[in-house]
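**Q** My questions all concern the structure below.
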DNA sequence: AATGAATGAGGGTTCATTCAT
DNA sequence: TATGAATGAACCCTCATTCAT
């Protein structure tokens, strides 16, 4: 029995490993192809082929094309958020924190261009998914804006939409050709455009203004 | 001959009028259906049906689905621009001009919700088209930013992307439910977030700041 | 205008005629293939090919495979019923009427072997459809049995099921090879097995019994 | 050697027992799923899963899906026949025997509703199998009818088909909802409809007629 | 110019079956 | 003997587009 068990265990391990590897390759292939051709343009068969597996194998790992897409998007979002939070944790004040977040964001984008294209690029076919992604981001954004906006004439809902769009588009634009602007230029420009930085600038004019 | 000519002319006129009318209806139907279902979701046959013509007629007026889409998008853009310029012409200074432009933009959006959805809504399947649209808008934007940004730490390319994204998204968000914010709130928030207004504010702090 | 109308009319007529013809051929091909391979075994493409049209054309005429199947089955049922009723109308008494119905049924079956195979053959994949077909037949059957059964120990529901099964199977069996029994033999055997004929026989023993 | 032999035997015994158990569970799962979803609707993987084994295991026990289906059907048929014969053995005359057979049949059907659905229910996808099943039943039936029908105007082939269909359909109908008719009602109705009972009734009018 | 029936390539998806472990 | 990941053929169906009328 222990023999059998061992055999079974080993076998399961190999199978499971193979399965995970296949899944990983499907996700990688999906990320690239979705980025290149969009949700509609990419076909499940092509993704499978690029992953080096048969067409049917796709459906052993994902219920349908949408599911792979979701998976890719949310995994990316989660990683991004984690990295941003880690970068933010070390910041002494809010302006520094924001700058750190943006730097991290740019670094992440640079390392995951395909992902950025899928997430924020034109050809935003995320369809229903788009809702979910934004619903996951916007409320927090709005909240922070509401807290921080003070007496300013800023409508938090409007500002949240504006901010989210601004950042996501700049990102998508930048990864298309990072030579267009240095990381610092992008970060500093985004900072200047951030609704709350105006307030921060007032509080610490020397730091933000004197360049 | 002149008789015949007259007849032909008249006949051509009627045919041409009928043709133009068919085209107009196809564009109207396309606008609505693209807005409702997106570029991929809307089918050429459905557009034809909604326009009250046969499926094949579609292709007498447009090379393919993309062409109708282009047509709709650029016609809308042109009208929008004309109205904005008209509104801007009467402004005494740049802040007032910008405010007038935004107000006109919001009015236009309110009157053409479907168009806004097609142009800027999620499900931005404009695909290759998106490039063209933005290429048509962004250079001017960038130019103006370059002129106006003065010594500020703003990268014009980045800021142009940010601005375009900000405005287009806020528009798309607002037309989904105009009750979310008053027209004034939207305009004023967008103004506050505009890269150049910060500079303007500095120049004329009383006007923009004291509310 | 009358010219145009005429043209249009003629054109519509030709198109409509062509359409009807295509539909007719799809139905014919479907009847044969469903009979030969069953609902699952027959493929929409094969039906289209056999009808001499492209695969997609199938779906211009029928929502899906099931719909063609339904169409075939109910059209056949309707025709059968009409012919039976016509045959029955001339009968002076119930036994004669029933005999006439059975004779007409056999004649119909002989002329439409494929249809009989589809309707009653083994490989009864009519699935949900089967319900509808039987629901269309059984209630009337049961009603007549209830009226006619008199004091006999017959449960009308059971007898209705039995009768429907008996007739439909015999039909399917017979058309497989009509040489197995003469039309008269089939009719007379079915008559002898009919629940109500026993009663009738009792009433008029001479007519039904003395052979 | 005898030691070794013993060991091998014991080991084989355990393996064989396990194998038989797996097979038993596949058959049980197959019976249920074929009844619920039909031959096409049930998938080999689903049957394996319900049996608690891996997909591949299915094919260690059965050449293919059809084979399991055959197995189920013929095993059921054999059991049914055995029970019927046992019940019939105690009968003093043919009418009593037939009544006993029918009662046993109903009892069996009630206890094995899934089986009845597989065997005789609509969605008769037994396909080629159907032939075999009926070929196994009908000849005997026909023979008995030939013997018993005496001078009556009954074609034995026709009557055999009719009888088989009648009984199998009534069974399938009844197990769907046994509340539709009592066991006695079903049996008595079937008896009245049996080709030979007419003759029997003539012979023993008191028993069969006077109720 | 308009019609609308027809085309046919191509997509997503399923599932019976195989085979390395 | 059992596992279960993988295969890949096959199917249903959609729709942009063509073309005879």
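Chains as they are written, first to last, in the working numbering: chain A, 1 to 211; chain B, 1 to 211; chain C, 1 to 211; chain D, 1 to 211.
Just so it is clear, CB atoms sit at the ideal spot from N, CA and C, and this is done for glycine as well.
Please read all numbers here as calculations on a predicted model, not as lab measurements.
Assuming residue 175 of chain D contacts residue 117 of chain D under a Cβ cut-off of 8 Å, what Cβ separation, rounded to an integer in Å, is found between them?
**A** That belief holds up - the Cβ atoms of residue 175 of chain D and residue 117 of chain D are roughly 7 Å apart, short of 8 Å.
**Q** Grouping DSSP H, G and I as helix and E and B as strand, with all else coil, what is residue 54 of chain D?
**A** Looking at residue 54 of chain D - three-state DSSP - the assignment turns out to be coil, as it is neither helix nor strand.
**Q** Just how far apart, CA to CA, sit residue 185 of chain D and residue 57 of chain D?
**A** If you take the alpha carbons of residue 185 of chain D and residue 57 of chain D, they lie about 45 Å apart.
**Q** Mind pulling the chain B residues with CB within less than 7 Å of residue 180 of chain A?
**A** Near residue 180 of chain A (Cβ distances below 7 Å), the residues of chain B are 157.
**Q** Under 8 Å, Cβ to Cβ, is there at least one residue of chain B near residue 66 of chain A?
**A** Cβ-Cβ to chain B under 8 Å: no for residue 66 of chain A.
**Q** Given a cut-off of 8 Å, decide if residue 159 of chain C and residue 163 of chain D are closer than it, judged by their beta-carbon atoms.
**A** No; because the gap between Cβ atoms is not below 8 Å, this pair is not in contact.
**Q** Along the chain, where does the alpha helix (DSSP H) containing residue 113 of chain D start, and where does it finish?
**A** Residue 113 of chain D -> alpha helix (DSSP H) spans 113 to 120.
**Q** Compare the C-beta of residue 186 of chain B with all C-beta atoms of chain A and state if any pair is closer than 8 Å.
**A** It does: the Cβ of residue 186 of chain B has a partner Cβ on chain A nearer than 8 Å.
**Q** If we define contact as Cβ-Cβ less than 8 Å, is residue 59 of chain B a contact residue for chain A?
**A** Judged by the 8 Å Cβ criterion, residue 59 of chain B is not in contact with chain A.
**Q** How about residue 23 of chain B and residue 61 of chain B: do their beta carbons lie closer than 8 Å?
**A** Yes. Within cutoff.
**Q** Could you check whether the Cβ of residue 170 of chain B sits closer than 8 Å to any Cβ belonging to chain A?
**A** True, the Cβ-Cβ gap to chain A drops below 8 Å.
**Q** Tell me, to the nearest whole angstrom, how far the beta carbon of residue 105 of chain A is from that of residue 84 of chain A; I am working on the premise that it is less than 8 Å.
**A** Correct: roughly 6 Å between the Cβ atoms.
**Q** In three-state terms, what does DSSP make of residue 43 of chain D?
**A** Here residue 43 of chain D sits in coil by DSSP.
**Q** Checking contacts by CB at 8 Å: is residue 139 of chain C closer than that to chain D?
**A** No, because no Cβ of chain D sits closer than 8 Å to the Cβ of residue 139 of chain C.
**Q** I'd like to know whether the C-beta atoms of residue 68 of chain A and residue 30 of chain A end up nearer to each other than 8 Å.
**A** Yes.
**Q** Can you tell me whether residue 194 of chain B is helix, strand or coil according to DSSP?
**A** Here residue 194 of chain B sits in coil by DSSP.
**Q** Which of helix, strand or coil does DSSP assign to residue 177 of chain A?
**A** Residue state, collapsed to three classes: coil.
**Q** Please determine, among C:33, C:71, C:13, C:167, the residue with the shortest C-alpha to C-alpha distance to residue 98 of chain C.
**A** Answer by Cα proximity: C:167.
**Q** Excluding the 5 residues flanking residue 173 of chain D on each side, which residues of the same chain have their C-beta closer than 8 Å to its C-beta?
**A** These residues qualify, in order along the chain: 180.
**Q** Relative to chain D, which residues along the segment 22 to 48 of chain C have a C-beta separation below 8 Å, given in chain order?
**A** Listed by position along the chain: 38, 40.
**Q** Taking residue 189 of chain D as the query, report the chain C residues whose CB atoms sit under 8 Å from its CB, ordered along the chain.
**A** In chain order: 153, 154, 155, 158, 159, 162.
**Q** Given this structure, state the Cα-to-Cα distance separating residue 213 of chain D from residue 169 of chain C, to the nearest angstrom.
**A** There is simply no residue 213 of chain D to check, as chain D begins at 1 and stops at 211 in what is shown.
**Q** Quick one: grab the DSSP three-state call for residue 92 of chain B.
**A** Here residue 92 of chain B sits in coil by DSSP.
**Q** My assumption, with CB atoms under 8 Å, is that residue 114 of chain C sits in contact with residue 35 of chain C. Please give the rounded CB distance.
**A** Contact flag correct, Cβ pair sits at about 4 Å.
**Q** So, does the CB of residue 192 of chain C fall closer than 8 Å to a CB anywhere in chain D?
**A** So, interface residue.
**Q** Do you know whose CA, among D:153, D:112, D:161, lies nearest residue 140 of chain D's CA?
**A** Looking at the Cα atoms, D:161 is the closest of the given residues.
**Q** Pick helix, strand or coil for residue 210 of chain D, following the three-state DSSP scheme.
**A** Note that residue 210 of chain D scores 39 on pLDDT, short of 50, meaning its location in the model is unreliable and no value can be drawn from it.
**Q** Nearest chain B C-beta to residue 76 of chain A closer than 8 Å, yes or no?
**A** Answer no: the Cβ-Cβ gap between residue 76 of chain A and chain B never drops below 8 Å.
**Q** Any beta carbon from chain B within less than 8 Å of residue 195 of chain A's own beta carbon?
**A** Yes - at least one Cβ of chain B is within 8 Å of the one on residue 195 of chain A.
**Q** Hey, is residue 109 of chain C's beta-carbon within less than 8 Å of any beta-carbon in chain D?
**A** Taking Cβ atoms only, chain D never reaches closer than 8 Å to residue 109 of chain C, which makes this a no.
**Q** Does residue 100 of chain B come within less than 8 Å of chain A when only Cβ atoms are used?
**A** With 8 Å as the cut-off, residue 100 of chain B does not count as an interface residue toward chain A.
**Q** Quick check on the burial criterion: 16 or more other C-beta atoms within 10 angstroms. Buried or exposed for residue 96 of chain C?
**A** The residue in question, residue 96 of chain C, is exposed, as its Cβ has fewer than 16 Cβ neighbours within 10 Å.
**Q** Give the single residue among C:48, C:41, C:40 whose Cα lies nearest to the Cα of residue 27 of chain C.
**A** That would be C:48, whose Cα lies nearest to the Cα of residue 27 of chain C.
**Q** When you compare each of C:197, C:187, C:46 to residue 25 of chain C by their alpha carbons, which one comes out closest?
**A** Residue C:46 is the option with its Cα nearest to residue 25 of chain C.
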